[in-house]
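Notes for the one structure printed next.
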Amino acid sequence: MIHKKGFIVEQYHMPCEYWLIFTIGVVAMELNLKGKNALVIASSQGLGKAVAEALVVEGANVVITSRDEVKLQQVQEELTRVNKGHVVFFKADITKQEDIQSLVRFTVETFGSIDILVNNAGGPPGGKFEEITDDQWQGAFELNLLSYIRLIREVLPEMKQQGGRIINIASTSIKQPIPGLILSNTFRLGIVGLTKTLAVELAPYNILINTVAPGRISTARTQHLDRLNAERQGITLEEATAQSKRTIPLGRYGTPEEFAKVVTFLVSDASTYMTGSSFMVDGGMVTAI
Ligand SMILES: NC(=O)c1ccc[n+]([C@@H]2O[C@H](COP(=O)([O-])OP(=O)(O)OC[C@H]3O[C@@H](n4cnc5c(N)ncnc54)[C@H](OP(=O)(O)O)[C@@H]3O)[C@@H](O)[C@H]2O)c1
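Mind the numbering: the sequence shown is residues 4 to 292 in our numbering, read in order.
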C-alpha cells in the first residue's frame with residue numbers, strides 16, 4: 004500500500020504481471036482545529052502544557068489554567084510565540100468548586116463558547132494502602148475525580164448547544180494497577196466509569212468523550228515517581244529510571260509531545276466515531292489486553 008498526500012493507493016499484482024495502481028478512497032485528515040475554543044486543565048507544565056501547545060499550533064484558542072499565576076504567564080508568553088491560535092490564562096484551584104465555575108465562565112466570556120475540554124490534574128501522592136490517610140483519600144478524590152466531574156458539569160450547558168469533545172487524562176493504572184500508587188489505581192478507574200457512562204448520555208448532543216492514559220511520559224511527575232522508587236529501593240535515580248525503562252517495550256519514556264498528538268487527534272474533526280473509549284499512550288508497557 005502506498006500512502007500519498009490525501010490518498011490511499013493500492014497496488015495489485017495482475018496475472019499478466021502488470022501493476023495496476025488505482026485510488027480506492029480519499030482520506031484527507033483535516034484536524035479543523037483552527038478557531039476551536041479549548042479549555043485545558045492543569046496546563047502550566049507537563050502533559051497539560053503539551054496538549055495546550057499542540058492545540059495552539061493547530062490554531063485553536065486555548066485557556067490554560069493551574070494554581071500558579073507566574074508559571075501560567077510564562078507558558079502563555081511561550082505559547083503565544085507559536086502565534087497561530089490564541090492563548091489566555093486563568094488561575095484556578097480545581098479542588099474548589101467556585102474556582103471551577105469562575106474558570107468556565109471566564110472561558111465562555113472570553114471565547115464565546117467551549118468546543119473542547121481536556122480534563123487533567125496533578126498526580127495523587129504515592130503510597131501503599133496502609134500508608135495512606137483519610138485526608139489523602141479525600142484529597143485524591145477531590146483532585147483526581149471530583150474535579151473532572153465538576154468541570155464536565157459546568158461546560159455541558161455550553162457544549163450541548165453545538166457539540167464538542169471531552170478528554171479525561173488518566174493513567175495506565177486503569178488497565179494495570181501500579182504498585183505503590185493505590186490512590187491512582189482507585190480513582191482513575193472512576194474516570195473510566197464516568198467516561199463510558201457519559202459517552203451514552205452525551206452522544207445525542209454530539210459530544211464525544213474519551214479517556215487517554217499515559218504510561219511513562221517524561222515530565223516532573225515521572226521524575227518524582229522515579230525518585231520515590233529510588234528511595235524505596237535504596238538505589239540511585241539513574242538506576243530507578245533505567246529499571247523503569249526496561250518495563251517498556253519501546254525502551255524509553257514518551258515525550259509530552261507524543262502524548263499531546265493523541266489528544267489532539269481525538270479532539271479534532273479527524274476523529275468522529277470514537278467515544279467512551281480508553282487509549283493507552285505507553286510504548287507498549289501495559290501487558291493486559
Ligand atoms: N507523566 C506521566 O507519565 C503520567 C503517567 C500516568 C499518569 N499521569 C497523570 O497525568 C496527570 C498530568 O501529569 P503530568 O506528568 O503532566 O504532571 P505534572 O508535570 O506534575 O503537572 C501537573 C499539573 O497539575 C497542576 N495542578 C496540580 N494541582 C492542581 C490543582 N489543585 N488545581 C489546578 N491545577 C493543579 C499543576 O499546576 P500548578 O502546580 O501550577 O497548579 C501542573 O500544571 C497527573 O494526574 C499524573 O499523575 C502522568
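Every residue gets a Cβ at the ideal spot worked out from N, C-alpha and C, and that includes glycine.
Short Cβ contact (7 angstroms threshold) for residue i with residue j
i, j, result
"GLY279", "LYS199", "yes"
"THR110", "ILE103", "no"
"VAL65", "VAL90", "yes"
"GLU157", "VAL107", "yes"
"ALA173", "THR214", "yes"
"ALA31", "ALA63", "no"
"SER105", "ALA124", "no"
"SER281", "ALA216", "yes"
"GLY287", "LEU253", "yes"
"LYS99", "GLY183", "no"
"MET283", "THR175", "yes"
"ILE44", "ALA55", "no"
"VAL266", "ILE119", "no"
"GLY218", "ASP285", "yes"
"GLN77", "PHE92", "no"
"GLU170", "VAL195", "The amino acid at residue 170 is misidentified as Glu; the sequence shows Ile. Going by C-beta atoms, ILE170 is not nearer than 7 angstroms to VAL195."
"ASP272", "GLU33", "yes"
"LEU148", "PHE190", "yes"
"PRO127", "LEU197", "no"
"GLN179", "ALA57", "no"
Residue range of the beta strand (DSSP E) that includes residue i
i, result
"LYS178", "Careful: LYS178 lies outside any beta strand (DSSP E) and carries neither H nor E."
"LYS94", "89–94"
"PRO217", "210–217"
"VAL284", "281–284"
The alpha helix (DSSP H) enclosing residue i, as first and last residue numbers
i, result
"LEU186", "185–205"
"PRO259", "259–270"
"ILE103", "100–114"
"SER247", "240–248"
"LEU231", "223–236"
Check: Counting Cβ pairs, one atom from each stretch, are 3 or more of them under 8 angstroms apart for the segment 203–216 and the segment 156–170?
Finding: yes
Checklist line | Length-filtered (4 minimum) alpha helix (DSSP H) runs lying within the segment 41–77 | finding: 49–60
Item checked: Segments of 4+ residues assigned as alpha helix (DSSP H) that fall wholly inside the segment 118–169 -> 137–144 and 150–165
Check: Is the segment 133–150 touching the segment 235–242, taking contact as three or more C-beta pairs under 8 angstroms?
Finding: no
Next item on the list: Answer yes if the segment 36–54 comes into contact with the segment 257–267, meaning at least three C-beta pairs across the two stretches below 8 angstroms, and no otherwise.
Entry: yes
Check: Counting Cβ pairs, one atom from each stretch, are 3 or more of them under 8 angstroms apart for the segment 71–83 and the segment 142–150?
Finding: no
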